[in-house]
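> One structure, pasted below without further comment.
Protein chains: 2
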Amino acid sequence: MKKALAIDVGGTKIYNTIINENGEIIAEIEKHSTPKTFAEIKYLFEEIISKYEKEVDVIAFATCGAVNNQNSGILGSTGNIAKEYPTMDFKNLSKKPVFVENDANCAAWAEHVIGASKGMAYSVMLTLGTGVGGGIILDNKLYKGKNGAAGEMHFKMRTDKHRKCTCGSFDCFEAYASGTGLKKTAEEITSNPDITTYDVIENKDRPIMKKVLETWQNDILEGIIGLANIFDPDCIVLSGSMAEFVDIEYLEYEANKEIVTTPFKVVKASAGNYSGMIGAALLAIESLK
Amino acid sequence: MKKALAIDVGGTKIYNTIINENGEIIAEIEKHSTPKTFAEIKYLFEEIISKYEKEVDVIAFATCGAVNNQNSGILGSTGNIAKEYPTMDFKNLSKKPVFVENDANCAAWAEHVIGASKGMAYSVMLTLGTGVGGGIILDNKLYKGKNGAAGEMHFKMRTDKHRKCTCGSFDCFEAYASGTGLKKTAEEITSNPDITTYDVIENKDRPIMKKVLETWQNDILEGIIGLANIFDPDCIVLSGSMAEFVDIEYLEYEANKEIVTTPFKVVKASAGNYSGMIGAALLAIESLK
Numbered sequence: 010m011k012k013a014l015a016i017d018v019g020g021t022k023i024y025n026t027i028i029n030e031n032g033e034i035i036a037e038i039e040k041h042s043t044p045k046t047f048a049e050i051k052y053l054f055e056e057i058i059s060k061y062e063k064e065v066d067v068i069a070f071a072t073c074g075a076v077n078n079q080n081s082g083i084l085g086s087t088g089n090i091a092k093e094y095p096t097m098d099f100k101n102l103s104k105k106p107v108f109v110e111n112d113a114n115c116a117a118w119a120e121h122v123i124g125a126s127k128g129m130a131y132s133v134m135l136t137l138g139t140g141v142g143g144g145i146i147l148d149n150k151l152y153k154g155k156n157g158a159a160g161e162m163h164f165k166m167r168t169d170k171h172r173k174c175t176c177g178s179f180d181c182f183e184a185y186a187s188g189t190g191l192k193k194t195a196e197e198i199t200s201n202p203d204i205t206t207y208d209v210i211e212n213k214d215r216p217i218m219k220k221v222l223e224t225w226q227n228d229i230l231e232g233i234i235g236l237a238n239i240f241d242p243d244c245i246v247l248s249g250s251m252a253e254f255v256d257i258e259y260l261e262y263e264a265n266k267e268i269v270t271t272p273f274k275v276v277k278a279s280a281g282n283y284s285g286m287i288g289a290a291l292l293a294i295e296s297l298k
Numbered sequence: 010m011k012k013a014l015a016i017d018v019g020g021t022k023i024y025n026t027i028i029n030e031n032g033e034i035i036a037e038i039e040k041h042s043t044p045k046t047f048a049e050i051k052y053l054f055e056e057i058i059s060k061y062e063k064e065v066d067v068i069a070f071a072t073c074g075a076v077n078n079q080n081s082g083i084l085g086s087t088g089n090i091a092k093e094y095p096t097m098d099f100k101n102l103s104k105k106p107v108f109v110e111n112d113a114n115c116a117a118w119a120e121h122v123i124g125a126s127k128g129m130a131y132s133v134m135l136t137l138g139t140g141v142g143g144g145i146i147l148d149n150k151l152y153k154g155k156n157g158a159a160g161e162m163h164f165k166m167r168t169d170k171h172r173k174c175t176c177g178s179f180d181c182f183e184a185y186a187s188g189t190g191l192k193k194t195a196e197e198i199t200s201n202p203d204i205t206t207y208d209v210i211e212n213k214d215r216p217i218m219k220k221v222l223e224t225w226q227n228d229i230l231e232g233i234i235g236l237a238n239i240f241d242p243d244c245i246v247l248s249g250s251m252a253e254f255v256d257i258e259y260l261e262y263e264a265n266k267e268i269v270t271t272p273f274k275v276v277k278a279s280a281g282n283y284s285g286m287i288g289a290a291l292l293a294i295e296s297l298k
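In order, the protein sequences belong to chains C and Z.
First residue of the first sequence? That's 10 in the working numbering, and the numbers climb one at a time after it.
First residue of the second sequence? That's 10 in the working numbering, and the numbers climb one at a time after it.
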């Protein structure tokens, strides 16, 4: 059975483990703080790879940032990681094949193969965390667009330049549906600039916090309606830490009332916390064929 | 060379002609008012088909309404045409093969094969008319979604239920970017409920009308930004009567400044007024292979 050394690269943490072609984690999960500099990140990759590459058939990176259609490197900038990171020459980190894919795309693929959207040919995954990640599966294939950057959930929720988004533009879905978005919505509704998402969740039975969460969830609903009308998908998968705080059944029911396309499901991700590494490993092993 | 009898079915008019596998119109274009009843529409189809079917290899319908993935019939309701129209048994209208596709999808395909997005693998077409039609080409194939209904440009432009959309929901792109949307925007800005799109266009140098057109165009821009971030396309094609009134170069420049994906073009459709019939014929002839 084929095996991959899976490495998940985020702005804060880097994880690695070994995963087989069934998507099973078959080694310890090692966790590292993401180093500050490009040189240190590269050195950490080299250390991990030299330790495990003999045991595996392929090295599989699930990384922050958009990844090109050759699965060899990063397109453009990637936010909160060393600014030279996009120049990383992944292919030369090992003598074994190296495969790179965006982390949200990997997670969507893991859901498609072993998780909540298994058996469904068309799905869109929204990862609701500090930001919002997107992964699109169309006709049982990962959809990447002309250069590999597709699936960015930066479509507008309003057009009056109300709320700045991390992307530099205004009023993107990410700026409303994310954890950061929930905090901003809470600030606007409570007029308290110091309120945290924790405050909202801890006090979720208080009427004002209820209103905050309903407003936030309604923005997620509106985004889901748009995606369902554009894609006519089998399902929309919600993952990420913030997905704990939405009412999946409500979203499915309400969205299906509004769409002009055909009925679809809204489901919670089920491939677990390491779905990024699992998806990267499954894609990498498939790329060997 | 293979030929198709192409029939374009809209809520107001029905057109027919003969088109060859190069997308060339090789007969007169006949025009009919769309009959009121299902029986009359069916009778008109039978008349057109019996007159021309011997001359062609396939019958190609470009129709209003979403069309299933078997290209044999209509999904759900279709707005301003006889309500039984979706029950039409297209396949049994002729002994020759019959192929059916949504008109906006057909027009997008014509642009892809012989028009403005020729040679580009990834494109999204927006038809700006009384409403907004959408057609999506991904990896050189027409994208239809799980049941065939994809490409509905009903994603939200705001979330405060400000403007009713024809789909029954609120604040869809169609309700802002269409000709009807321009009229609504003009009503809101001028406080004149009787203003028409004609009044706006005729007086487009007056400051208030300039503001109306800029607001309308900005809504189109915001929609284009979202689609480019979702799809990472080669281009977005604008077609339809209202596309005459947008500044294509401005839209391309401004959208490319805002996106987080990779640079893309905004182009005006060039396959002409009968692109629906041309696309239907090209798809129908291809389906014979």
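Backbone N, C-alpha and C fix where the C-beta goes; we use that ideal spot for every residue, glycine too.
Across which residues does DSSP place residue 181 of chain C in a beta bridge pair?
C:165
> Helix, strand or coil: how does DSSP classify residue 80 of chain Z here?
coil
> Cutting at 6 Å between CB atoms, please list the residues of its own chain near residue 181 of chain C, excluding the five before and the five after it.
163 and 174
> Could you check where the alpha helix (DSSP H) with residue 46 of chain Z kicks off and where it finishes?
Per DSSP, residue 46 of chain Z belongs to no alpha helix (DSSP H) and is neither H nor E.
> If distances are taken between C-alpha atoms only, which option among Z:158, Z:276 and Z:69 comes closest to residue 23 of chain Z?
Z:69
> Are residue 279 of chain C and residue 142 of chain C close, meaning C-beta to C-beta below 9 Å?
no
> Which of the three DSSP states, helix, strand or coil, is assigned to residue 250 of chain Z?
helix
> Return the CA-CA distance between residue 113 of chain C and residue 82 of chain C, expressed in angstroms with no decimal places.
16 Å
> Cβ of residue 222 of chain Z less than 9 Å from any chain C Cβ?
no
> Determine, using beta carbons only, whether residue 243 of chain C comes closer than 9 Å to chain D.
The question asks about chain D, but that chain is absent: this structure's protein chains are C and Z.
> Report yes or no: is there a C-beta of chain C within less than 9 Å of the C-beta of residue 262 of chain Z?
Residue contact with chain C for residue 262 of chain Z: absent (no Cβ-Cβ distance below 9 Å to any residue of chain C).
> Could you check which residue in C:44, C:28, C:140 and C:43 has the C-alpha nearest to that of residue 37 of chain C?
C:28
> Hey, could you find the ends of the beta strand (DSSP E) residue 70 of chain Z is sitting in?
67-72
> Which residues in the same chain have their Cβ closer than 7 Å to the Cβ of residue 238 of chain C, if we skip the five residues on either side of it in sequence?
268, 269 and 270
> Please report the straight-line C-alpha distance between residue 228 of chain Z and residue 150 of chain C, rounded to a whole angstrom.
32 Å
> Answer yes or no: does any C-beta atom of chain C fall closer than 9 Å to that of residue 268 of chain Z?
yes
> List the DSSP bridge partners of residue 144 of chain Z.
Z:134
> What in chain Z is Cβ-close to residue 41 of chain C, meaning under 9 Å?
For residue 41 of chain C, none of the residues of chain Z pass the 9 Å Cβ criterion, the least Cβ distance being about 27 Å.
> Are the region 98-105 of chain Z and the region 51-71 of chain Z in contact at 8 Å, needing three or more beta carbon pairs?
Counting C-beta pairs with one atom in each stretch, the region 98-105 of chain Z and the region 51-71 of chain Z have three or more that are closer than 8 Å, which means they touch.
> List the endpoints of the continuous alpha helix (DSSP H) containing residue 222 of chain Z.
216-240
> Mapping the DSSP letters down to three states, classify residue 151 of chain Z as helix, strand or coil.
Residue 151 of chain Z falls in the strand class under three-state DSSP.
> When you compare the region 247-257 of chain Z with the region 71-89 of chain Z, are there three or more beta-carbon pairs, one atom per stretch, that lie closer than 8 Å?
no
> Starting from the beta carbon of residue 173 of chain Z, find every residue of chain C whose beta carbon is closer than 9 Å, and list them in chain order.
Chain C residues near residue 173 of chain Z: none, gap ~12 Å exceeds 9 Å.
> Which term fits residue 92 of chain C, buried or exposed, when burial requires 16 or more other beta carbons within 10 angstroms of its beta carbon?
exposed
> On a Cα-Cα basis, can you pick out the residue from C:258, C:26 and C:213 that is closest to residue 35 of chain C?
C:26
> Would residue 88 of chain C be called buried (16 or more neighbouring beta carbons within 10 Å of its own) or exposed?
exposed
> Report all residues from its chain with a CB closer than 8 Å to the CB of residue 194 of chain C; omit the five preceding and five following residues, and keep chain order.
185, 221, 224, 225 and 228
> Using the beta-carbon count (16 or more within 10 Å), is residue 200 of chain C buried or exposed?
The residue in question, residue 200 of chain C, is exposed, as its Cβ has fewer than 16 Cβ neighbours within 10 Å.
> Compute the Euclidean distance between the alpha carbons of residue 156 of chain C and residue 54 of chain C, then round it to the nearest angstrom.
So the alpha carbons of these two residues sit roughly 25 Å apart.
> For residue 81 of chain Z, which residues in chain C fall below 7 Å Cβ to Cβ?
What residue 81 of chain Z touches in chain C: nothing, since even the nearest Cβ is about 16 Å away.
> From the DSSP output, read off the bridge partner residues of residue 244 of chain C.
C:132 and C:274
> Kindly indicate the opening and closing residues of the alpha helix (DSSP H) around residue 208 of chain C.
206-211
> Name the DSSP bridge partner or partners of residue 297 of chain C?
None; residue 297 of chain C has no bridge partner.
> Taking the straight line between their C-alpha atoms, what separation do you get for residue 119 of chain Z and residue 272 of chain C?
29 Å
> Could you check whether the Cβ of residue 29 of chain C sits closer than 9 Å to any Cβ belonging to chain Z?
Not one chain Z Cβ lies under 9 Å of residue 29 of chain C.
> What does residue 121 of chain C reach in chain Z if we use C-beta pairs closer than 7 Å?
Going along chain Z, no residue has its Cβ under 7 Å from residue 121 of chain C, so there is no contact; the nearest lies around 14 Å.
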